[in-house]
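Enquirer:
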Amino acid sequence: MLEIKNLHVQAGNHEILKGVDLKVNVGEVHSIMGPNGSGKSTLAQVLAGRETYRVTEGEVLYDGKNLLEMAPEERACEGVFMAFQYPVEIPGVGSAQFLKAALNAIRKRRGLEELDAMEFLTLVKQKIKSLGVDEKLLHRSVNEGFSGGEKKRNEIFQMALLEPRLCIMDETDSGLDIDALKIVANGVNALRTPERAIVVITHYQRLLNYVVPDYVHVLLDGRIVKSGGKELALELEEKGYAWVEEEARAAAQA
Amino acid sequence: MIAVTQERDHYLESFARFEKATAGNGQEWLRPVRRAAIARFAELGFPTTRDEDWRFTNVAPIAQISFQLAGDAHIELAPRDIEQLTFPGPRDIQLVFVNGRYAPTLSSPASPSDGLSVRSLAQAFRDDRDVLEQHLTRYAGYHQDAFSALNTAFMEDGAFIHVPRGRVVEEPIRLLYVSTATDAPIVTHPRNLIVLDEDSQAVIVEDYVSLDADVYFSNVVTEAVVGQNSVLSHYLIEQESKQAFNVSTLRVEQGRSSSVASHTVLLGGALVRNNVHPVLAGEGGTCLINGLFMGTGRQHMDNFMLVEHASPHCDSRQFYQGILDEQSHGIFSGRIIVHKDAQKTDAKQTNNNLLLSQEAQIDTKPQLEIYADDVKCTHGATIGQIDEDAIFYLCSRGIVKDAARALLLFGFANESLERMKVESIRKHLQALVAQWLPEGKLLEEVR
Ligand SMILES: Nc1ncnc2c1ncn2[C@@H]1O[C@H](COP(=O)(O)OP(=O)(O)OP(=O)(O)O)[C@@H](O)[C@H]1O
Ligand SMILES: [Mg+2]
Numbered sequence: 019m020l021e022i023k024n025l026h027v028q029a030g031n032h033e034i035l036k037g038v039d040l041k042v043n044v045g046e047v048h049s050i051m052g053p054n055g056s057g058k059s060t061l062a063q064v065l066a067g068r069e070t071y072r073v074t075e076g077e078v079l080y081d082g083k084n085l086l087e088m089a090p091e092e093r094a095c096e097g098v099f100m101a102f103q104y105p106v107e108i109p110g111v112g113s114a115q116f117l118k119a120a121l122n123a124i125r126k127r128r129g130l131e132e133l134d135a136m137e138f139l140t141l142v143k144q145k146i147k148s149l150g151v152d153e154k155l156l157h158r159s160v161n162e163g164f165s166g167g168e169k170k171r172n173e174i175f176q177m178a179l180l181e182p183r184l185c186i187m188d189e190t191d192s193g194l195d196i197d198a199l200k201i202v203a204n205g206v207n208a209l210r211t212p213e214r215a216i217v218v219i220t221h222y223q224r225l226l227n228y229v230v231p232d233y234v235h236v237l238l239d240g241r242i243v244k245s246g247g248k249e250l251a252l253e254l255e256e257k258g259y260a261w262v263e264e265e266a267r268a269a270a271q272a
Numbered sequence: 079m080i081a082v083t084q085e086r087d088h089y090l091e092s093f094a095r096f097e098k099a100t101a102g103n104g105q106e107w108l109r110p111v112r113r114a115a116i117a118r119f120a121e122l123g124f125p126t127t128r129d130e131d132w133r134f135t136n137v138a139p140i141a142q143i144s145f146q147l148a149g150d151a152h153i154e155l156a157p158r159d160i161e162q163l164t165f166p167g168p169r170d171i172q173l174v175f176v177n178g179r180y181a182p183t184l185s186s187p188a189s190p191s192d193g194l195s196v197r198s199l200a201q202a203f204r205d206d207r208d209v210l211e212q213h214l215t216r217y218a219g220y221h222q223d224a225f226s227a228l229n230t231a232f233m234e235d236g237a238f239i240h241v242p243r244g245r246v247v248e249e250p251i252r253l254l255y256v257s258t259a260t261d262a263p264i265v266t267h268p269r270n271l272i273v274l275d276e277d278s279q280a281v282i283v284e285d286y287v288s289l290d291a292d293v294y295f296s297n298v299v300t301e302a303v304v305g306q307n308s309v310l311s312h313y314l315i316e317q318e319s320k321q322a323f324n325v326s327t328l329r330v331e332q333g334r335s336s337s338v339a340s341h342t343v344l345l346g347g348a349l350v351r352n353n354v355h356p357v358l359a360g361e362g363g364t365c366l367i368n369g370l371f372m373g374t375g376r377q378h379m380d381n382f383m384l385v386e387h388a389s390p391h392c393d394s395r396q397f398y399q400g401i402l403d404e405q406s407h408g409i410f411s412g413r414i415i416v417h418k419d420a421q422k423t424d425a426k427q428t429n430n431n432l433l434l435s436q437e438a439q440i441d442t443k444p445q446l447e448i449y450a451d452d453v454k455c456t457h458g459a460t461i462g463q464i465d466e467d468a469i470f471y472l473c474s475r476g477i478v479k480d481a482a483r484a485l486l487l488f489g490f491a492n493e494s495l496e497r498m499k500v501e502s503i504r505k506h507l508q509a510l511v512a513q514w515l516p517e518g519k520l521l522e523e524v525r
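Line by line, the protein sequences are chains A and B.
Under our numbering, the first residue of the first sequence carries the number 19, and numbering increases by one thereafter.
Under our numbering, the first residue of the second sequence carries the number 79, and numbering increases by one thereafter.
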């Protein structure tokens with residue numbers, strides 16, 4: 019479903035991703051872990067189409083199509099969803115209005131009827147409950163004045179509503195208490211179906227107890243230096259990243 | 079210098095003719111104040127950018143045109159010509175002015191049996207002399223301001239609204255000022271007097287619209303006297319032609335425990351000056367001063383706020399938002415004066431602006447003069463561009479870029495519109511704002 023080949027990305031003159039290779043098949047859950055500043059968010063943002071990053075080399079195929087050629091909104095309509103590490107506050111734009119615009123844009127692209135206000139509200143209310151999001155948030159501006167936890171849950175709520183095929187979650191678990199974490203995990207697991215793929219970017223093993231990944235990758239200084247099964251996450255949790263760095267350095271010298 | 083003298087002479091000659099033409103019309107009692115006003119204008123002349131209060135606005139384009147007084151030229155308009163010009167809903171109380179002159183066939187004044195007076199000022203000059211003598215020209219000083227001086231010298235028509243004690247007028251009172259094409263550029267001096275007696279309430283909407291893309295000058299003065307415990311919502315919707323000039327002064331005198339909301343939306347005009355000047359004269363008064371100005375092309379929009387706290391325990395809130403595109407120029411001056419006795423004043427001022435192009439310009443200037451010692455005064459201003467992170471966020475959810483932009487701009491403007499409590503007016507303005515946006519069409523789809 020997603021194939022990243024030798025991806026090099028710069029911001030300004032600074033090279034952040036230095037040749038990332040990653041293949042995600044439909045139905046799989048991948049976790050990407052790595053220390054601060056290793057390039058995890060950069061990867062997520064590039065996949066979602068953020069223009070401040072410049073791809074200097076490599077390619078990304080999504081369903082065999084060149085993802086990098088598509089505008090961010092096209093990617094969304096094709097089923098790519100990125101839950102932001104830092105969701106943006108948008109004063110003046112009502113959450114309900116925003117969600118309806120997004121949902122109908124995507125439905126239109128998929129050849130589905132657009133929903134009217136009533137149908138939209140019914141659907142939203144049904145999804146909102148299961149994710150422990152307060153209905154009042156619908157009447158507020160997008161993310162404005164939301165607490166950290168509310169913002170994260172709001173991202174998962176949007177994901178549940180828009181039903182993407184490729185879900186990329188950038189540290190959605192950071193800063194959540196255990197109850198909120200379980201709610202988020204349930205939301206993600208509900209989307210875990212054979213037609214979808216999920217990429218979970220995280221620093222911690224904790225979320226992975228609930229959303230058990232098929233593969234775990236370590237992103238270090240702009241490269242994926244190690245991949246493994248779910249045990250790798252436990253090992254990283256226990257031992258930190260120093261040993262992976264060591265291994266990577268040794269491999270590079272060899 | 080010669081040119082400046084000529085500009086003045088034009089108005090002085092015009093005044094001499096005006097006095098002759100209006101002799102014997104029953105307004106002789108106004109003659110002293112008119113004469114004092116034109117004399118003051120002769121002394122002041124038009125302001126220049128050397129005047130601190132006009133630093134960012136050069137009024138030469140107004141001064142240099144020899145505007146003619148509108149006169150009585152009869153223009154026939156049908157109700158349907160004006161229907162679309164303003165917000166929907168009942169028109170039970172509506173005064174329409176065409177080129178400054180009251181148009182009885184288009185208007186529905188309050189019926190005399192009602193106790194409520196809503197009629198043309200021209201008629202009030204005859205019928206309501208007591209109230210007029212008590213209030214007219216008492217608040218909007220012409221001594222400092224050339225435009226108010228001209229208005230006072232030449233005022234002939236406008237709205238007279240008198241809400242009696244205890245009366246709540248639910249439906250908005252509509253004042254519609256329509257400009258039509260004329261042979262030569264004309265000036266009108268609409269003069270409105272609003273008197274709310276004790277414990278009363280009203281919503282009053284001044285709408286300035288144009289049927290043609292013409293050069294003209296609206297020089298407006300509105301005086302509002304808001305009695306003890308009364309509630310006034312005042313709306314000014316300025317949609318003059320893109321070649322027109324509009325200078326308008328709203329002067330509000332607030333009594334004890336009164337509450338006033340002034341809402342202003344500037345969309346039209348080549349050069350617009352919007353003066354809002356409430357004086358919180360009685361204890362415990364509150365005022366909200368809310369405005370939105372949206373400029374494009376070479377439009378120039380100058381908002382000049384002067385909030386005077388003259389009594390203790392009063393609150394004032396100013397919120398102005400500007401969106402400026404192309405080569406437009408916006409100004410926000412927010413002056414707050416807290417007089418010596420106005421202890422426990424709570425005054426707040428916020429001015430947020432979005433610049434949509436490299437050439438667009440905004441000058442924002444807070445000015446606090448505080449002579450009392452126990453007060454709370456805050457001010458803040460921002461000037462920003464459209465938030466690219468927010469655009470990306472919206473796009474990443476499937477919304478096309480232009481629609482995302484429209485959503486953001488609309489959202490920014492809507493913060494101001496949301497403060498307007500009358501739904502029919504708010505919706506009307508939301509539609510006007512959407513129309514204004516280059517990508518507004520997309521907004522209809524996503525809203
Ligand atoms: N727009 C940008 N311009 C310049 N440098 C950037 C930009 N975005 C990220 N960087 C830099 O690139 C590096 C990788 O950043 P990125 O946000 O991708 O890391 P991360 O792995 O997500 O870190 P964290 O775990 O802290 O979220 C950092 O050194 C960061 O400062
Ligand atoms: Mg990150």
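Cβ coordinates follow ideal geometry from the N, Cα and C atoms, glycine included.
Using the Cβ count rule (16 or more neighbours within 10 Å means buried), how would you classify P190 of chain B?
Expert: Reading the second sequence from its first residue, position 112 is the one you call residue 190 of chain B. Looking at its Cβ environment, which holds fewer than 16 other Cβ atoms inside 10 Å, P190 of chain B is exposed.
Enquirer: Step through the CB atoms of chain A and report whether any lies within less than 9 Å of the CB of K479 of chain B.
Expert: On the second sequence, position 401 is the one that residue 479 of chain B refers to. Yes, its Cβ sits closer than 9 Å to a Cβ of chain A.
Enquirer: Verify whether the separation of the beta carbon atoms of V281 of chain B and L314 of chain B is less than 9 Å.
Expert: As a first step, residue 281 of chain B is located in the second sequence; it is residue number 203 there, counting from the start. As a first step, residue 314 of chain B is located in the second sequence; it is residue number 236 there, counting from the start. Not closer than 9 Å, so no.
Enquirer: Spell out the partners DSSP gives M51 of chain A in its beta bridges.
Expert: On the first sequence, residue 51 of chain A is found 33 positions in, with the first residue counted as 1. For M51 of chain A, which the question treats as bridged, DSSP gives the partners A:V236.
Enquirer: Starting from T122 of chain A, trace the alpha helix (DSSP H) in both directions and tell me its first and last residue.
Expert: Here residue 122 of chain A is taken as the residue at index 104 of the first sequence, counted from 1. The sequence shown places Asn at residue 122 of chain A, rather than the Thr named in the question. Looking at the DSSP string, the run of the alpha helix (DSSP H) that includes N122 of chain A is 113-127.
Enquirer: Between E21 of chain A and the rest of its own chain, which residues show a CB-CB distance below 6 Å, the 5 nearest in sequence each way excluded?
Expert: Residue 21 of chain A sits at position 3 when you count from the first residue of the first sequence. Hits under 6 Å: K41, L79.
Enquirer: Applying a beta-carbon distance threshold of less than 7 Å, which residues of chain B neighbour E173 of chain A?
Expert: As a first step, residue 173 of chain A is located in the first sequence; it is residue number 155 there, counting from the start. Near E173 of chain A there are no residues of chain B at all, since even the closest Cβ is about 10 Å away, more than 7 Å.
Enquirer: Using a C-beta cutoff of 9 Å, does E493 of chain B count as contacting chain A?
Expert: As a working mapping, residue 493 of chain B is identified with position 415 in the second sequence. It does: the Cβ of E493 of chain B has a partner Cβ on chain A nearer than 9 Å.
Enquirer: Using a beta-carbon distance below 9 Å, is I124 of chain A in contact with chain B?
Expert: The residue given as residue 124 of chain A occupies position 106 in the first sequence. Yes, contact with chain B.
Enquirer: If we count Cβ pairs, one from each stretch, closer than 8 Å, do we get three or more for the region 452-465 of chain B versus the region 421-431 of chain B?
Expert: Yes: at least three Cβ pairs fall under 8 Å.
Enquirer: So which of B:V354, B:G400, B:A291, B:L358 has the shortest CA-CA distance to D419 of chain B?
Expert: To locate residue 419 of chain B, count along the second sequence from 1; it is residue 341. The candidate whose alpha carbon is nearest that of D419 of chain B is B:L358.
Enquirer: Whether or not the region 195-209 of chain A and the region 221-228 of chain A are in contact is what I'm after, with contact meaning three or more pairs of Cβ atoms, one per stretch, closer than 8 Å; do they touch?
Expert: Yes: at least three Cβ pairs fall under 8 Å.
Enquirer: Between D527 of chain B and chain A, is the shortest Cβ-Cβ distance under 9 Å, so that the two count as touching?
Expert: Residue numbering for chain B in the displayed model covers 79 to 525; residue 527 of chain B lies beyond these limits and cannot be assessed.
Enquirer: Could you tell me the distance, in whole angstroms, from the CA atom of N177 of chain B to the CA atom of D235 of chain B?
Expert: The residue you call residue 177 of chain B lines up with position 99 of the second sequence. The residue you call residue 235 of chain B lines up with position 157 of the second sequence. If you take the alpha carbons of N177 of chain B and D235 of chain B, they lie about 10 Å apart.
Enquirer: Verify the CB distance criterion: does S308 of chain B have a CB-CB separation below 9 Å to chain A?
Expert: Sequence index remark: in the second sequence, residue 308 of chain B carries index 230 (1-based). No, S308 of chain B lies away from the interface with chain A (no Cβ there is under 9 Å from its Cβ).
Enquirer: Starting from M100 of chain A, find everything on chain B with Cβ-Cβ shorter than 7 Å and list it in chain order.
Expert: Residue mapping note: residue 100 of chain A aligns to position 82 of the first sequence, counting from 1. S474, listed in chain order.
Enquirer: Taking 8 Å as the cut-off, is the beta-carbon of H48 of chain A closer than that to any non-hydrogen atom of ligand 3?
Expert: This structure simply doesn't include ligand 3; it includes ligand 1 and ligand 2 instead.
Enquirer: So with CB distances below 9 Å, who are the chain B contacts of E91 of chain A?
Expert: By one-based count along the first sequence, residue 91 of chain A stands at place 73. The contacting residues are L472, C473, S474, R475, G476, I477, V478, K479, A481, A482.
Enquirer: Name, going along the chain, the residues of the region 141-161 of chain A whose beta-carbon falls closer than 9 Å to a beta-carbon of chain B.
Expert: Residues S159, V160, N161.
Enquirer: Looking at G462 of chain B and L485 of chain B, is the spacing between their C-beta atoms short of 9 Å?
Expert: The residue you call residue 485 of chain B lines up with position 407 of the second sequence. The residue you call residue 462 of chain B lines up with position 384 of the second sequence. No.
Enquirer: Determine which residues of the region 369-381 of chain B have a Cβ less than 9 Å from any Cβ of chain A, and write them out in chain order.
Expert: Per Cβ criterion, the list is empty.
Enquirer: Could you check where the alpha helix (DSSP H) with Y398 of chain B kicks off and where it finishes?
Expert: Taking the second sequence and counting its residues from 1, one reaches residue 398 of chain B at position 320. No alpha helix (DSSP H) holds Y398 of chain B; the beta strand (DSSP E) holding it covers 393-402.
Enquirer: Is the beta carbon of L252 of chain A closer than 9 Å to that of V236 of chain A?
Expert: Locating residue 236 of chain A in the first sequence gives position 218, where the first residue counts as 1. Locating residue 252 of chain A in the first sequence gives position 234, where the first residue counts as 1. Going by C-beta atoms, V236 of chain A is not nearer than 9 Å to L252 of chain A.
Enquirer: Consider the Cβ of F488 of chain B: report whether some Cβ of chain D lies at a distance smaller than 9 Å.
Expert: Here chain D cannot be found, since the structure's protein chains are A and B.
Enquirer: So which residues of chain B does G110 of chain A contact, with C-beta pairs closer than 7 Å?
Expert: Taking the first sequence and counting its residues from 1, the one referred to as residue 110 of chain A is at position 92. Those within 7 Å of G110 of chain A in chain B are G489, F490, N492, E493.
Enquirer: According to the neighbour-count rule (16 or more other Cβ atoms, all chains shown, within 10 Å of its Cβ), is I273 of chain A buried or exposed?
Expert: Since the first and last residues shown for chain A are 19 and 272, residue 273 of chain A lies out of range.
Enquirer: Would you be able to state if there are at least three C-beta pairs under 8 Å between the region 211-226 of chain B and the region 122-139 of chain B?
Expert: Contact holds: three or more Cβ-Cβ distances are below 8 Å.
Enquirer: Quick check on R72 of chain A - is its C-beta less than 9 Å from some C-beta in chain B?
Expert: Sequence index remark: in the first sequence, residue 72 of chain A carries index 54 (1-based). No, because no Cβ of chain B sits closer than 9 Å to the Cβ of R72 of chain A.
Enquirer: Could you give the C-beta distance for S406 of chain B and G375 of chain B, rounded to a whole number, given that I count them as a contact under 8 Å?
Expert: Translated into positions along the second sequence, residue 406 of chain B becomes position 328. Translated into positions along the second sequence, residue 375 of chain B becomes position 297. Right, their Cβ atoms sit about 6 Å apart.
Enquirer: So, is Y398 of chain B buried or exposed, given that buried needs 16 or more other C-beta atoms within 10 angstroms?
Expert: For the purposes of this step, residue 398 of chain B is identified with residue 320 of the second sequence, where counting begins at 1. Classification of Y398 of chain B: buried, given that the 10 Å Cβ count is 16 or more.
Enquirer: What residue ranges within the region 419-493 of chain B form continuous beta strand (DSSP E) runs of no fewer than 3 residues, ordered along the chain?
Expert: You should have 423-433, 439-448, 453-462.
Enquirer: So for M79 of chain B, helix, strand or coil by DSSP?
Expert: Taking the first residue of the second sequence as 1, we reach residue 79 of chain B at position 1. The pLDDT assigned to M79 of chain B is 46, lower than 50, so where the model puts this residue is not dependable; a value taken from the coordinates is nonetheless given after this. M79 of chain B: coil per DSSP, three-state reduction.
Enquirer: Taking Cβ-Cβ distances below 9 Å as the criterion, which residues of the region 53-67 of chain A are in contact with chain B?
Expert: Per Cβ criterion, the list reads Q63, A66, G67.
Enquirer: Below 8 Å, is the gap between the Cβ of I219 of chain A and the nearest heavy atom of ligand 1?
Expert: Along the first sequence, read from residue 1 onward, the residue named residue 219 of chain A stands at position 201. Yes; taking the cut-off as 8 Å, the Cβ of I219 of chain A has a heavy atom of ligand 1 nearer than that.
Enquirer: Please list the partners that L485 of chain B has in chain A, where partner means a Cβ-to-Cβ separation under 9 Å.
Expert: Along the second sequence, read from residue 1 onward, the residue named residue 485 of chain B stands at position 407. Per Cβ cutoff of 9 Å: I108, G110, V111, Q115, F116, A119.
Enquirer: Does the beta carbon of T60 of chain A fall short of 8 Å from some heavy atom of ligand 1?
Expert: Mapped onto the first sequence, residue 60 of chain A falls at position 42. The answer is yes for T60 of chain A.
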